[in-house]
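One structure is given below, encoded as structure tokens.
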Amino acid sequence: ISELVKQLDIMADAVIQLYKTIEEYKKQKYPQIVYKKEIKTFPIVVTLEEWFLFGDKLIQILDDRIREKLNINTIALEVLSDAPYTICSVNGLNMLVNASKVKPIKQIMEGKTNNSDSRLWHLDVYLRSQYSEEISGSKVYGEDEFKDFVDSQLGQSS
Numbered sequence: 253i254s255e256l257v258k259q260l261d262i263m264a265d266a267v268i269q270l271y272k273t274i275e276e277y278k279k280q281k282y283p284q285i286v287y288k289k290e291i292k293t294f295p296i297v298v299t300l301e302e303w304f305l306f307g308d309k310l311i312q313i314l315d316d317r318i319r320e321k322l323n324i325n326t327i328a329l330e331v332l333s334d335a336p337y338t339i340c341s342v343n344g345l346n347m348l349v350n351a352s353k354v355k356p357i358k359q360i361m362e363g364k365t366n367n368s369d370s371r372l373w374h375l376d377v378y379l380r381s382q383y384s385e386e387i388s389g390s391k392v393y394g395e396d397e398f399k400d401f402v403d404s405q406l407g408q409s410s
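Following this line, the structure appears as structure tokens:
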């Protein structure tokens, strides 16, 4: 197995961990966050640097590994369409937080993940393309500000 495939396998493990967490969330295993079926989940693996997964081939290898690991973990493949994953850098996440201050995060992420073309784009490229006005003057968030943002998205106060 090539080094690249090994790295894609590590990334697939990170995605699977998110899907395991979502399954636990649905089973009410997190008392601090009440499960609400009507709230769509958008799992995001955040990396320090951008992963340059250009083209269909690398994404297909990653998707194949994720499907295999979902089966091994007895997680229904429907989770891929119910809660489509995204991989982005810290910079992309900051841009998403800024855009979601103006537009609903559901709108942003559905636009990114439900389109077969934009699904292949890096998150920051998608945001620059579709939400350039909303992300202009983006600020960098610290830990406390990011926690406040997450709480606001969950409808909770800190």
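Residue numbers (our numbering): 253 to 410.
Even for Gly, the Cβ is constructed at its ideal location relative to N, Cα and C.
From a predicted model like this one, the values you see are computed outputs, not experimental measurements.
Tell me, to the nearest whole angstrom, how far the beta carbon of residue 375 is from that of residue 338; I am working on the premise that it is less than 8 Å. The residue labelled residue 375 in the question sits at position 123 within the sequence shown. The residue labelled residue 338 in the question sits at position 86 within the sequence shown. Yes, residue 375 and residue 338 are in contact; Cβ-Cβ is about 6 Å, under 8 Å.
Hey, how far is the Cα of residue 302 from the Cα of residue 396? Here residue 302 refers to the residue found at position 50 of the sequence shown. Here residue 396 refers to the residue found at position 144 of the sequence shown. Whole-angstrom Cα-Cα distance: 23 Å.
To the nearest angstrom, how far is the alpha carbon of residue 359 from that of residue 331? Working through the sequence shown from its first residue, we reach residue 359 at position 107. Working through the sequence shown from its first residue, we reach residue 331 at position 79. When rounded, the distance between both Cα atoms is 19 Å.
Looking only at C-alpha atoms, which of 255, 285 and 272 sits nearest to residue 327? Working through the sequence shown from its first residue, we reach residue 327 at position 75. Among 255, 285 and 272, the Cα nearest to that of residue 327 is on 272.
Cβ distance (whole Å) where residue 294 is taken to contact residue 365 below 8 Å: Residue 294 sits at position 42 when you count from the first residue of the sequence shown. Residue 365 sits at position 113 when you count from the first residue of the sequence shown. Indeed they touch by this definition, with Cβ atoms about 7 Å apart.
In the DSSP assignment, find the unbroken alpha helix (DSSP H) run with residue 349 in it and report its ends. Counting from one through the sequence shown, the residue named residue 349 turns up at place 97. That run of the alpha helix (DSSP H) goes 342 to 352.
Let's test the definition: count the other Cβ atoms within 10 Å of the Cβ of residue 379 and tell me whether it reaches 16, buried, or not, exposed. Within the sequence shown, numbered from 1, the residue matching residue 379 stands at position 127. Buried, since its Cβ has 16 or more Cβ neighbours within 10 Å.
Just tell me which of 362, 354, 373 and 261 has its CA closest to the CA of residue 401. As a first step, residue 401 is located in the sequence shown; it is residue number 149 there, counting from the start. Cα-wise, what sits closest to residue 401 is 354.
Hey, would you say residue 386 sits closer than 8 Å to residue 350, going by beta carbons? The residue you call residue 386 lines up with position 134 of the sequence shown. The residue you call residue 350 lines up with position 98 of the sequence shown. Yes, these two residues count as a Cβ contact at 8 Å.
When the Cα of residue 291 is compared with those of 264, 362, 322 and 255, which residue comes out closest? In the sequence shown, the residue the question calls residue 291 occupies position 39. Comparing Cα positions, the closest option is 362.
Among 352, 356, 399 and 348, which one has its Cα closest to the Cα of residue 377? To locate residue 377, count along the sequence shown from 1; it is residue 125. Answer by Cα proximity: 348.
Spatial neighbours of residue 197 within its chain, please: C-beta separation below 8 Å, excluding the five flanking residues on both sides. For residue 197 there is no data in the structure shown, the boundaries of the chain being 253 and 410.
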